Amino acid sequence: MEREWALVLFTLLNQASVGLLAITLLANPKEEKIRKKLFSGIGLLAILSLLISLGHLGSPLGAYRALTNLGTSWLSREVFFASLYVALWVVVAYLEFKAGAPQSARNTLGWITLAVGVAAIYSMASVYTHTIRPAWQTAYTPISFFAASLVLGSLLYIVFHPAPRWVAWLTALGVGVQLLALPPYLAALGSGNTAAQNSARLLADSMFALGLGVAGIMAAAALAFLPQSRTIEITSSEQGRGVNFLYLALVAGIIGEGILRYLFYSTGVNIMVGHF
Amino acid sequence: MAKQLGFHIDQNRCIGCFTCQIACKDKNDLEVGQRWRRVEEIAGGGYTRVGQGLQANVYAYWISIGCNHCQDPLCVKNCPTKALYKRPEDGIVVVDEKKCIGCRYCVWSCPYGAPQYNPQKGKIGKCNFCLDLLEKGEQPACVAACPMRALHAGDLKELAQKYGGTDRIKGLPDPSITKPSILITPHRHAAVE
Chain P
66 MEREWALVLF
76 TLLNQASVGL
86 LAITLLANPK
96 EEKIRKKLFS
106 GIGLLAILSL
116 LISLGHLGSP
126 LGAYRALTNL
136 GTSWLSREVF
146 FASLYVALWV
156 VVAYLEFKAG
166 APQSARNTLG
176 WITLAVGVAA
186 IYSMASVYTH
196 TIRPAWQTAY
206 TPISFFAASL
216 VLGSLLYIVF
226 HPAPRWVAWL
236 TALGVGVQLL
246 ALPPYLAALG
256 SGNTAAQNSA
266 RLLADSMFAL
276 GLGVAGIMAA
286 AALAFLPQSR
296 TIEITSSEQG
306 RGVNFLYLAL
316 VAGIIGEGIL
326 RYLFYSTGVN
336 IMVGHF
Chain E
463 MAKQLGFHID
473 QNRCIGCFTC
483 QIACKDKNDL
493 EVGQRWRRVE
503 EIAGGGYTRV
513 GQGLQANVYA
523 YWISIGCNHC
533 QDPLCVKNCP
543 TKALYKRPED
553 GIVVVDEKKC
563 IGCRYCVWSC
573 PYGAPQYNPQ
583 KGKIGKCNFC
593 LDLLEKGEQP
603 ACVAACPMRA
613 LHAGDLKELA
623 QKYGGTDRIK
633 GLPDPSITKP
643 SILITPHRHA
653 AVE
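In structure tokens, the structure reads:
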């Protein structure tokens, strides 16, 4: 099993950042203080993800050279869009933090940044679908990447700010999509070539971890709903409990998505010489 | 089409002695775990009961494999720094160590396990067809060392005319993925009907 911790963190943090930006733009909270907190979080996650990605490289000082094959390499495109996303965030954050910037300019640039973030996630998924690892070549890769973005982004938003009910529904949607995608993915691996079957075997050996990951994201989706109803009854003790549930939802979501992403990396098997 | 260098392997001559693998390691001074050319053993079959006795149907054959300097190399396409490139004059796929950042995307892209990550260097290394020997008019180290003369190198078209062979045998990945510059005269158990 390969332990690609840098890539687990890089992909999840980037996807969480893009997800949080998407929910922030959709919910469009009005309070300046909250907006500043949200945009700070979005940037922090994106910058952290890029820094951590360097940990995967054998020669991290040459990382800038990864931008030189945009014509054919999805890895180049991934680095390009993830870097452009951070660059655009700097401008968006500047407009957010500067008093008096026109709302239309903030919104337009925000949506452009989101489009670049979506392109970064798409490129990220395409990096894996364009390998010779059957476990990575399926539609499960882009589906799970975008769904994780939705789950982590919505959970982070709920923790940052009292959220409308539809945000919790988005968490549930992201979790539901991942759960629906899992059985056909496992079936495809089980009935695939030798490398695919080796991946299926590795997943079967990690059944406990897989179960824990699934339970984590399901618990996150369920917990995301609880505080929404509880905070309606405004008593200080109930509000406190609501906030606890919110953090618990986020922790469950991070653990669940973290385990599923770890399994994604650790069960990828190359087609190779000696396979029939 | 421009010249394309490649390898021919006669599996009926190969005895699995690993001399090609050792010659490559020696020539390129490779660390433990680095095998730019390696020999994979494929074994199978079994025994069937015939009357009072057992009839053997066991077999083994070897695949000597390095970089196949593919005609459609996925490693070159996927390399984000263009450190891996295909030489236009002879089709050899080489790595420019100065450009390589050790992202290992090529390791995930090669069906033959040719590019190998060197953790000491933080870079990828692979067979370069012994370019230095080639420039002196000599054969690659693996080819020169083979005691059975089972391994040949040269222009792929000339190799095809001289030895025939196929890139599709049992135990090798589907050649349509990267179009390897390899010709194999297959062992009878390796032949694809």
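Those protein sequences? They're chains P and E, same order as listed.
First residue of the first sequence? That's 66 in this note's numbering, and the numbers climb one at a time after it.
First residue of the second sequence? That's 463 in this note's numbering, and the numbers climb one at a time after it.
Virtual Cβ for every residue (Gly too), placed ideally from N, Cα, C.
From a predicted model like this one, the values you see are computed outputs, not experimental measurements.
Neighbouring residues, chain P, relative to residue i (Cβ below 8 Å)
i: I563 (chain E); result: L122, G123, S124, P125, G127, A128, R130, A131
i: P542 (chain E); result: R130, A131, L132, T133, N134, S138, L140, S141, V144
i: L467 (chain E); result: Near L467 (chain E) there are no residues of chain P at all, since even the closest Cβ is about 20 Å away, more than 8 Å.
i: G507 (chain E); result: Correct list: empty, because the minimum Cβ distance to chain P is about 13 Å.
i: I631 (chain E); result: Chain P residues near I631 (chain E): none, gap ~10 Å exceeds 8 Å.
i: Y521 (chain E); result: By Cβ distance, chain P contributes nothing, its closest Cβ being about 14 Å from Y521 (chain E), past 8 Å.
Pair within 8 Å by beta-carbon distance, residue i and residue j
i: S191 (chain P); j: W139 (chain P); result: yes
i: S219 (chain P); j: I336 (chain P); result: no
i: T178 (chain P); j: L153 (chain P); result: yes
i: F146 (chain P); j: A184 (chain P); result: yes
i: C589 (chain E); j: W524 (chain E); result: no
i: V494 (chain E); j: Q483 (chain E); result: no
i: D629 (chain E); j: I644 (chain E); result: yes
i: T194 (chain P); j: V216 (chain P); result: no
i: P229 (chain P); j: A92 (chain P); result: yes
Contacts that residue i makes with chain P (C-beta to C-beta distance below 9 Å)
i: K588 (chain E); result: In chain order: nothing, as chain P lies at least about 14 Å away.
i: C579 (chain E); result: Before going further, note that residue 579 (chain E) is Tyr rather than Cys in the sequence given. Result: G123.
i: I525 (chain E); result: V338, G339
i: I644 (chain E); result: The premise fails here: I644 (chain E) is roughly 11 Å from chain P at the closest Cβ pair, so nothing lies under 9 Å.
i: K585 (chain E); result: G123, S124
i: I639 (chain E); result: I197, I336
i: L536 (chain E); result: H195, T196, I197
Contacts that residue i makes with chain E (C-beta to C-beta distance below 8 Å)
i: M337 (chain P); result: P573, Y574, G575, P635
Reference residue i, options the options, closest by Cα
i: E346 (chain P); options: P:R100, P:V232, P:V279; result: Residue 346 (chain P) lies beyond the range of chain P shown here (66 to 341); nothing can be said about it.
i: L116 (chain P); options: P:F104, P:L91, P:A204, P:T76; result: P:T76
i: V338 (chain P); options: E:D472, E:C572, E:A653; result: E:C572
i: S124 (chain P); options: E:W524, E:T647, E:Q582, E:G633; result: E:Q582
i: A603 (chain E); options: E:G528, E:L618, E:L546, E:Y509; result: E:G528
i: G468 (chain E); options: E:K641, E:G575, E:C486; result: E:K641
i: I112 (chain P); options: P:V279, P:G84, P:V155; result: P:V155
i: K585 (chain E); options: E:K598, E:G564, E:Q578; result: E:G564
i: Y150 (chain P); options: P:T206, P:K102, P:W234, P:L86; result: P:L86
i: L634 (chain E); options: E:D617, E:A653, E:K624; result: E:A653
Proximal chain P residues relative to residue i, where beta-carbon distance stays under 7 Å
i: W498 (chain E); result: Within chain P, no residue comes near W498 (chain E); the closest Cβ sits about 14 Å away, beyond 7 Å.
i: E502 (chain E); result: V338, G339
i: Y625 (chain E); result: The premise fails here: Y625 (chain E) is roughly 20 Å from chain P at the closest Cβ pair, so nothing lies under 7 Å.
i: I554 (chain E); result: In chain order: nothing, as chain P lies at least about 19 Å away.
Beta-bridge partners of residue i, as assigned by DSSP
i: K548 (chain E); result: E:V555
i: H649 (chain E); result: The partner list for H649 (chain E) (beta bridge, DSSP) is empty, contrary to what the question assumes.
i: P516 (chain E); result: Pro is not the amino acid found at residue 516 (chain E); the sequence shown has Leu there. In DSSP, L516 (chain E) forms a bridge with E:R511.
i: A522 (chain E); result: E:A505
i: H614 (chain E); result: E:H470
i: Q578 (chain E); result: E:G587
i: T628 (chain E); result: E:I646
i: I527 (chain E); result: E:R500
Contact set between residue i and chain E, taken where Cβ atoms lie within less than 7 Å
i: T196 (chain P); result: W570, S571
(request) Quick one: which unbroken beta strand (DSSP E) runs of 3-plus residues sit fully inside the segment 466 to 506 of chain E? Chain order, please. (result) 467 to 472, 500 to 506
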